[in-house]
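In what follows, a structure is listed as structure tokens, so that the remarks can point back to it.
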Amino acid sequence: MLAEASYFGSSMSKTSPHAHTGPCRTPSNARTRLGAGGGPHRAARCRAPCPRGRPRLTESGLSMVDWHLVKGMKPPRTQREWEAEFRKYQQFPEFKILNRDMTLAEFKFIWYMEYSHRMWGRLVGLAYIVPAAYFWRKGWLSRPMKGCVLALCGLVCFQGLLGWYMVKSGLEEKPDSYDIPRVSQYRLAAHLGSALVLYSASLWTGLSLLLPQHKLPETHQLLRLRRFAHGTTALIFLTALSGAFVAGLDAGLVYNSFPKMGERWIPDDLLAFSPVLKNIFENPTTVQFDHRVLGIASVSAITALYLFSRKVPLPRRARIAVTSLLAVACLQVGLGISTLLLYVPTPLAATHQSGSLALLSTALWLLSELRRAPK
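Using my numbering, read the sequence shown as starting at 160 and increasing by one per residue.
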């Protein structure tokens, strides 16, 4: 995982005798222990972006109207506490505009959906901070690595604060708007993007620790394949990030046909907003169109990457990785089209969101297999 890998990234180099301020007491098998022990953490980090999608899909993300790091860990227990929590929710726009007929039992369901996400976020934070404190106390961290560890733990905390900043945008009163209350798609994209960055870095460094590196001949074809794989991974990341705008604007419900959008390849309202740039982030039609284009571009790039890789001699693990990438991409396209045609049912939409993370993970695995051997 990222935090743990960073602890040892430089301190385990045997060529730098001045890496530590004191005697090095790092276990000789630290890399293996670190990689194996990071499995539960990477699983937690993997699931973290996915539970965020479920509150959004079930319209439960605005059910908890305040945020307390410790106090918020205790759910209501008595009938009186639940009624008090429900009264707080009734003071905000989502209840007034969308859920005026909601019962207490229905409120409990959406409240627990958001509560489970917040508790999972706390668990992920502990999965970073507790190992950091342990390795720090054991004296296994060099001075530069201590700064890195603090920065990583700070990023985890920032992710939680960014989540609350996002939720607050959906709790604000907007007297001149009769639209359904929802969080800002910009803040939602920022929250998802930071989660994906944290997860990607964790997975990358975990793979670097666990998988022995191939000694690949630096041929011209391999260099081209590596660059191609990097570009494809960036495109996959961008496509996943664009999904935040689709979710934030409910853009999956504007045109539920494929491959055309309604009766046209390019819908009439694609550039309905002014200025034109505003359409990219705020027009649901344009947001869905862009997500379609990015998805098609991603699967096309992955297919081309696979075909090109057949011309390059690769180790068995790398060959499995590139084949798996194509298989996951085809599955993800099928999930996306099915979600669209079936009017975004929550279970299928959540699976599609998880599929984007699986696709990104497989792309990172391929990059790890193709990485350049250190000199």
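Heads up, the beta-carbon is just placed ideally off N, CA and C, and yes, glycines get one too.
- The alpha carbon of residue 312 has as its nearest neighbour, out of 289, 296, 484, 525, the alpha carbon of 289.
- Only residues of its own chain outside the window of five on either side were considered, and among them 394, 395, 398 have a CB closer than 6 Å to the CB of residue 457, listed in chain order.
- According to the DSSP assignment, residue 438 belongs to the alpha helix (DSSP H) that extends over 437-441.
- DSSP lists 420 as the beta-bridge partner residues of residue 423.
- Put simply, the backbone Cα of residue 445 is about 6 Å away from that of residue 439.
- The C-alpha of residue 515 is placed about 20 Å away from the C-alpha of residue 415.
- The DSSP-derived three-state label of residue 284 is helix.
- Under the three-state reduction of DSSP output, residue 272 falls in the helix class.
- Within the same chain, 411, 446, 447, 450 come within 7 Å of residue 405 by CB-CB distance, once the 5 residues on both sides are set aside.
- Between the stretch 358-375 and the stretch 516-528 there are three or more inter-stretch CB-CB distances shorter than 8 Å, so the stretches are counted as touching.
- Around the CB of residue 481, 16 or more other CB atoms lie within 10 Å, so the residue is classed as buried.
- C-alpha of residue 498 to C-alpha of residue 507: approximately 6 Å in a straight line.
- Using a Cβ distance threshold of 8 Å, residue 477 and residue 529 count as a contacting pair.
- Between residue 403 and residue 330, the C-beta gap is not smaller than 8 Å, which leaves the two residues out of contact.
- Contact between residue 315 and residue 284 holds: CB atoms are separated by about 5 Å, below the 8 Å threshold.
- With contacts defined by Cβ atoms closer than 8 Å, residue 487 and residue 454 do not form a contacting pair.
- Between residue 471 and residue 344 a beta carbon distance of about 40 Å is seen, past the 8 Å cut, so the two are scored as non-contacting.
- For the pair residue 490 and residue 461, the CB atoms are not nearer than the 8 Å cut-off.
- Counting the other CB atoms within 10 Å of its CB gives residue 392 a total of 16 or more, which places it among the buried residues.
- Under the three-state reduction of DSSP output, residue 222 falls in the coil class, being neither helix nor strand.
- Counting along the chain, residue 318 sits inside the alpha helix (DSSP H) bounded by residues 302-330.
- Collapsing the DSSP output to three states places residue 358 in a helix.
- For residue 379, the enclosing alpha helix (DSSP H) has its first and last residue at 379-407.
- The continuous alpha helix (DSSP H) containing residue 506 extends over residues 505-529.
- The beta carbon of residue 270 sits closer than 6 Å to those of 222, all from its chain and outside the five residues before and after it, given in chain order.
- Assignment of residue 353 by DSSP, reduced to helix, strand and coil, places it in the helix class.
- In the structure shown, residue 374 falls within a coil segment according to DSSP collapsed to helix, strand and coil.
- Rounded to whole angstroms, residue 430 and residue 419 show a C-alpha spacing of 17 Å.
- Distance between residue 295 and residue 436, taken at the CA atoms: about 48 Å.
- Non-local C-beta neighbours of residue 413 in its own chain, meaning closer than 7 Å and more than five positions away in sequence, comprise 443, 444, 447, ordered along the chain.
- In this structure, the alpha-carbon of residue 511 lies about 10 Å from that of residue 496.
- For residue 240, the enclosing alpha helix (DSSP H) covers residues 238-248.
- Here the alpha carbons of residue 479 and residue 220 stand approximately 39 Å from one another.
- In terms of Cβ geometry, residue 252 and residue 371 do not form a close pair [threshold 8 Å].
- Per DSSP, reduced to three states, the secondary structure at residue 367 is helical.
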